[in-house]
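Chemist: Here it is, the structure in full.
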Ligand SMILES: Cc1cc2nc3c(=O)[nH]c(=O)nc-3n(C[C@H](O)[C@H](O)[C@H](O)COP(=O)(O)OP(=O)(O)OC[C@H]3O[C@@H](n4cnc5c(N)ncnc54)[C@H](O)[C@@H]3O)c2cc1C
Ligand SMILES: NC(=O)C1=CN([C@@H]2O[C@H](COP(=O)(O)OP(=O)(O)OC[C@H]3O[C@@H](n4cnc5c(N)ncnc54)[C@H](OP(=O)(O)O)[C@@H]3O)[C@@H](O)[C@H]2O)C=CC1
Ligand code: HEM
Ligand SMILES: [Cu+2]
Ligand SMILES: [Fe+3]
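Numbering (the UniProt record's numbering), first residue to last: 1 to 488.
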């Protein structure tokens with residue numbers, strides 16, 4: 001076997017040093033594919049487009065030859081494996097054993113395992129599909145690659161988000177060849193190490209937004225809480241105590257007094273961990289100790305929490321502009337007018353209320369208008385075009401401005417209601433009062449950290465100063481001074 005490994009696996013370099021395709025002259029490197037399914041077809045198309053000559057091995061070439069680009073040869077499996085050094089195994093794991101008849105012809109070749117197990121298979125099998133393939137073909141070199149690329153992406157060609165191709169193999173030379181192939185096809189190979197990493201590479205496509213699970217559960221939990229709270233206050237209490245049916249409020253009005261609360265609390269939960277992290281760094285006098293796991297995890301989920309907050313706030317704004325469109329709103333308006341006339345009251349105009357509403361709506365619009373700036377800089381292509389300071393300015397400073405504007409919006413909306421008994425229903429305070437707690441803690445803490453004594457210490461710590469690295473001198477008794485520390 002070692003002799004086999006001495007000769008270059010593919011006689012020509014596939015790409016030049018700048019990653020461009022080495023001229024695909026007539027001697028274009030030949031790549032083999034076993035299988036003629038969706039993945040094989042897209043792969044063959046893309047390989048041909050990238051300048052490779054492709055030979056596809058099928059159990060029934062006649063039936064499938066029409067599905068492939070004319071430049072690709074579709075032949076029986078045995079013939080296909082004979083003429084290529086690198087062979088993509090584009091069949092499912094359960095059909096690997098059917099290829100054992102080709103073992104002698106496959107000896108010394110590179111087999112690229114592109115397979116993805118289903119969730120159930122992944123749990124059922126101890127070893128990865130790639131390791132299983134390597135066990136079936138010990139005289140071959142198996143490389144795990146391209147499994148995270150869907151047949152569609154292969155067909156359409158790599159775009160920004162999904163250009164990365166995790167690659168692992170026990171044989172560095174084989175890994176290099178497949179990495180060059182990936183490069184030549186316009187993908188970004190990511191070396192994941194030995195074949196033992198194949199299990200993790202195969203688990204990737206099984207993830208379903210892993211970093212969104214906790215934030216979504218948090219947002220749903222908050223919505224359920226606020227919806228139940230508002231239902232109790234706005235629908236149940238009038239029904240139980242005044243016999244009034246306000247169930248029509250359930251689909252829109254109760255939603256529109258719950259969603260903003262979720263948006264607002266989530267927004268404050270984006271900036272609370274930064275506060276806790278800063279407080280911890282101040283308390284410890286160093287930044288060189290890990291945060292507790294829960295805080296670490298929370299810091300890593302700020303993006304998702306922030307985007308969910310923006311989503312809820314945008315819905316809230318949409319719902320709010322729908323309020324005056326509702327029939328119930330118009331009935332109330334007309335009934336109010338009739339009541340005014342019947343009671344011979346002059347025109348209704350409470351200056352304070354007018355101002356209050358103008359201001360809180362305007363603040364809401366400003367608060368919401370700031371969020372898209374943060375959301376846009378969340379996009380990797382935009383974030384990559386900003387330097388760290390710009391990113392931090394938008395995310396940290398503008399984000400905080402959005403939080404302050406939302407607080408002012410909520411306070412002017414709530415106005416004096418928190419102090420008026422009539423707004424307490426079933427002894428429950430108005431909903432907006434519940435939402436103010438966390439944001440006010442964040443805003444006060446941020447203001448506190450702006451105090452020179454704290455901000456200077458915090459920036460020293462963040463530049464690497466440590467309290468405990470101070471060398472402690474105990475001065476001789478005749479010096480009246482207490483223990484002094486000086487810092488290295
Ligand atoms: C719509 C929306 C989208 C969002 N998108 C993203 C996103 O794409 N990515 C993302 O990360 N967050 C995102 N967020 C969350 C949030 O905006 C950021 O995490 C933001 O950086 C948090 O700012 P902060 O001031 O709380 O904390 P930080 O910015 O973490 O820290 C506060 C300040 O302390 C300093 N600092 C903090 N830690 C250290 C340290 N260890 N060493 C030295 N200096 C330090 C920084 O200079 C910073 O100015 C988003 C939020 C929203 C609402
Ligand atoms: N579809 C996708 O988007 C992606 C697929 N993959 C992986 O690519 C592999 C192929 O997927 P896909 O193309 O969708 O599957 P298909 O079922 O479309 O194709 C599989 C191919 O395997 C061959 N085959 C089928 N049955 C047998 C059998 N009993 N014995 C031997 N060979 C058989 C057939 O080729 P023939 O009859 O010509 O011999 C068939 O075309 C899988 O491992 C999948 O996990 C990875 C990433 C994305
Ligand atoms: C275009 C933007 C916005 C508009 C037009 C708007 C409008 C409104 C309206 C009309 C109300 C009263 C709801 C009702 O009584 O049914 C309200 C309440 C509220 N809004 Fe907004 N808002 C906007 C943005 C925001 C943002 C960005 C936040 C926070 C992230 C927010 C948080 C709140 C809160 C917490 C309440 C109080 C809900 C309650 O206690 O019942 N709003 N807003
Ligand atoms: Cu498995
Ligand atoms: Fe997580």
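By construction, the Cβ of each residue, glycine as well, lies at the ideal position given by its N, Cα and C atoms.
Under the rule that 16 or more other beta-carbon atoms within 10 Å means buried, what is residue 271, buried or exposed?
Modeler: Per the 10 Å Cβ criterion, buried.
Chemist: What number of angstroms, rounded off, separates the C-alpha of residue 95 from the C-alpha of residue 461?
Modeler: Their Cα atoms are separated by approximately 59 Å.
Chemist: Here's a check: name, in chain order, each residue in its chain whose Cβ is nearer than 6 Å to the Cβ of residue 188, leaving out the five neighbours to either side.
Modeler: Taken in chain order, the residues that qualify are 163, 164.
Chemist: Pick helix, strand or coil for residue 343, following the three-state DSSP scheme.
Modeler: Three-state result, residue 343: coil.
Chemist: Quick check: the Cα distance between residue 275 and residue 198, rounded to an integer number of angstroms?
Modeler: Near 39 Å, if we compare the C-alpha coordinates of residue 198 and residue 275.
Chemist: Sorted by chain position, which residues of the same chain lie with C-beta nearer than 8 Å to residue 46's C-beta, five sequence neighbours on each side aside?
Modeler: Taken in chain order, the residues that qualify are 154, 155, 157, 185.
Chemist: Does the distance between the C-beta of residue 60 and the nearest non-hydrogen atom of ligand 2 fall short of 8 Å?
Modeler: Checking every heavy atom of ligand 2 against the Cβ of residue 60, one is found closer than 8 Å.
Chemist: Taking 9 Å as the threshold (C-beta atoms), are residue 73 and residue 53 in contact?
Modeler: Taking 9 Å as the Cβ cut-off, residue 53 and residue 73 qualify as a contacting pair.
Chemist: If we ignore side chains and look at the alpha-carbon of each, how far apart do residue 220 and residue 50 end up?
Modeler: One C-alpha to the other measures close to 46 Å.
Chemist: Fully enclosed by the region 388–443, which beta strand (DSSP E) runs are 3 residues long or longer?
Modeler: Here no run is fully enclosed.
Chemist: Assign residue 143 to buried or exposed, taking buried as 16 or more other Cβ atoms, counted over all protein chains shown, within 10 Å of its Cβ.
Modeler: The residue in question, residue 143, is buried, as its Cβ has 16 or more Cβ neighbours within 10 Å.
Chemist: Does the Cβ of residue 132 have 16 or more other Cβ atoms within 10 Å, making it buried, or fewer, making it exposed?
Modeler: That one is buried.
Chemist: If you follow the beta strand (DSSP E) that residue 111 is in, where does it begin and where does it stop?
Modeler: 110–113 is the span of the beta strand (DSSP E), which, as asked, contains residue 111.
Chemist: Determine the DSSP secondary structure at residue 244, reduced to helix, strand or coil.
Modeler: Residue state, collapsed to three classes: coil.
Chemist: Report buried or exposed for residue 233, applying the criterion of at least 16 other Cβ atoms within 10 angstroms of its Cβ.
Modeler: Counting Cβ neighbours within 10 Å, residue 233 comes out buried, since at least 16 surround it.
Chemist: Would the beta-carbon of residue 408 fall within 9 Å of that of residue 363?
Modeler: Taking 9 Å as the Cβ cut-off, residue 408 and residue 363 qualify as a contacting pair.
Chemist: Taking the Cβ atom as the reference point for each residue, do residue 401 and residue 370 lie within a distance shorter than 9 Å?
Modeler: Result yes, Cβ atoms of residue 401 and residue 370 sit closer than 9 Å.
Chemist: Does the region 119–131 come close enough to the region 58–69 that 3 or more CB-CB pairs lie under 8 Å?
Modeler: Result no; under three Cβ-Cβ pairs closer than 8 Å.
Chemist: Consult DSSP for residue 221 and reduce its assignment to one of helix, strand or coil.
Modeler: Helix at residue 221.
Chemist: So if DSSP puts residue 88 in a beta bridge, which residue, or which two residues, is it bridged to?
Modeler: Paired residue(s): 33, 112.
Chemist: Would you be able to state if there are at least three C-beta pairs under 8 Å between the region 286–295 and the region 413–431?
Modeler: Because the criterion of three Cβ pairs below 8 Å is not met, the region 413–431 and the region 286–295 do not touch.
Chemist: For residue 413, collect the residues of the same chain with a Cβ closer than 7 Å to its Cβ; drop the 5 residues on either side in sequence, then sort them by chain order.
Modeler: Here the set comprises 360, 432.
Chemist: CA-CA distance, residue 24 and residue 212?
Modeler: Low confidence applies here, because residue 24 scores a pLDDT of 42, under 50, leaving its location unreliable; read the following figure in that light. Approximately 44 Å, taken between the alpha carbons.
Chemist: What do you reckon, is the C-beta of residue 205 under 8 Å from a heavy atom of ligand 2?
Modeler: Yes, ligand 2 has a heavy atom inside 8 Å of this Cβ.
Chemist: How many angstroms separate the CA atom of residue 137 from the CA atom of residue 180?
Modeler: Near 23 Å, if we compare the C-alpha coordinates of residue 180 and residue 137.
Chemist: Between the C-alpha atoms of residue 484 and residue 216, what's the straight-line distance to the nearest angstrom?
Modeler: Caution is warranted here: a pLDDT of 41 is assigned to residue 484, below 50, making its placement in the model unreliable, and no coordinate value can be reported.
Chemist: Considering only heavy atoms of ligand 1, does any lie closer than 8 Å to the CB of residue 244?
Modeler: Residue 244 Cβ: outside cutoff for every heavy atom of ligand 1.
Chemist: Assign residue 347 to buried or exposed, taking buried as 16 or more other Cβ atoms, counted over all protein chains shown, within 10 Å of its Cβ.
Modeler: So residue 347 counts as exposed.
Chemist: Taking the continuous beta strand (DSSP E) assigned at residue 144, which residues delimit it?
Modeler: Start and end: 141–144.
Chemist: Which residue's Cα is closest to the Cα of residue 258: 268, 250, 223?
Modeler: Measuring from the Cα of residue 258, the nearest candidate turns out to be 223.
Chemist: Give the single residue among 358, 116, 236, 443 whose Cα lies nearest to the Cα of residue 150.
Modeler: Of 358, 116, 236, 443, the residue nearest in Cα terms is 116.
Chemist: Compute the Euclidean distance between the alpha carbons of residue 63 and residue 316, then round it to the nearest angstrom.
Modeler: One C-alpha to the other measures close to 56 Å.
Chemist: Examine the Cβ distances between the region 102–117 and the region 72–88 and report whether three or more of them are shorter than 8 Å.
Modeler: Cβ pair count under 8 Å is three or more, so yes.
Chemist: What residue from 263, 265, 295, 339 has the CA that sits closest to residue 277's CA?
Modeler: The candidate whose alpha carbon is nearest that of residue 277 is 295.
Chemist: Could you give the distance in angstroms between the alpha-carbon of residue 36 and the alpha-carbon of residue 100?
Modeler: The straight-line gap from Cα to Cα measures roughly 18 Å.
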